[in-house]
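Numbering (the working numbering), first residue to last: 23 to 159.
We put the CB at the ideal spot given by N, CA and C, even for glycine.
Remember, it's a predicted structure, so these values are computed and weren't measured experimentally.
Report on one structure; see the data block that follows.
Put into C-alpha cells, the structure is as follows:
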C-alpha cells in the first residue's frame, strides 16, 4: 500500500502548534468537530496529539475554566508524550495498521521527522473496501 495515496497533506489537516494556548487548542477542536488533532513543533516536527481529554484535564488541574486562565497554559504542557506516534512516509503496512488500530488518524513524517500529513482510519478501510468490491464483481 502506498501511504502517499491515502495521506491527507498537512495543508489540508487541522493541527495546532505546540506553543499554542490551551484556549486555541480548544477552539480548533470545536471549530473542526474533532476529538483529537496533531501537534506540530516550531521546527515542523510532529510533537504529539492533542485530545479532548488533555484539555479537560488541563482545566481540572488548573481549577479554572475561564478563557483568561486557558490562555496562560500551553499545549506542549498538557499533551501526553509518546501517545499516537507518527510513522515515516516509508512505513510498512503493518506499522500503519498497528497505529490506525489505536487512533482515528496516523501522523506521517518524512525522513527528517517533519510532519507532512495524516492517514485516517477511514481512508484505510475505504481502500480495502474498494479492493474487496472490485474482486467480487
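- Message: In whole angstroms, give me the CA-to-CA distance for residue 99 and residue 43.
- Response: Along the chain shown, read from residue 1 onward, the residue named residue 99 stands at position 77. Along the chain shown, read from residue 1 onward, the residue named residue 43 stands at position 21. Going by the C-alpha atoms only, they are around 10 Å apart.
- Query: Skipping 5 residues on each side, what residues in its chain have a beta carbon closer than 8 Å to that of residue 89?
  - Reply: Here residue 89 refers to the residue found at position 67 of the chain shown. Leaving aside the five residues that flank residue 89 on each side, the residues in its chain whose CB is nearer than 8 Å to its CB run, in chain order, 45.
- Query: Are there 16 or more other CB atoms within 10 angstroms of the CB of residue 82, so buried, or fewer, so exposed?
  - Reply: Counting from 1 along the chain shown, the entry for residue 82 is found at position 60. Counting C-beta atoms within 10 angstroms of its own C-beta, residue 82 has fewer than 16 neighbours from the protein chains shown and is therefore classed as exposed.
- Task: Measuring alpha carbon to alpha carbon, tell me which of 37, 62 and 41 ends up nearest residue 50.
- Result: Residue numbering aside, residue 50 sits at position 28 when the chain shown is read from its first letter. Residue 37 is the option with its Cα nearest to residue 50.
- Leaving out five residues before and five after residue 48 in sequence, what residues of the same chain have Cβ atoms less than 8 Å from its Cβ? Locating residue 48 in the chain shown gives position 26, where the first residue counts as 1. 77 and 92.
- So which of 68, 41 and 40 has the shortest CA-CA distance to residue 139? As a first step, residue 139 must be located in the chain shown, where it is residue number 117. Checked all of 68, 41 and 40; the closest Cα to residue 139 is 68.
- Query: Going by DSSP, which residues form a beta bridge with residue 131?
  - Reply: On the chain shown, position 109 is the one that residue 131 refers to. When beta bridges are read from the DSSP output, residue 131 appears opposite 110 and 137.
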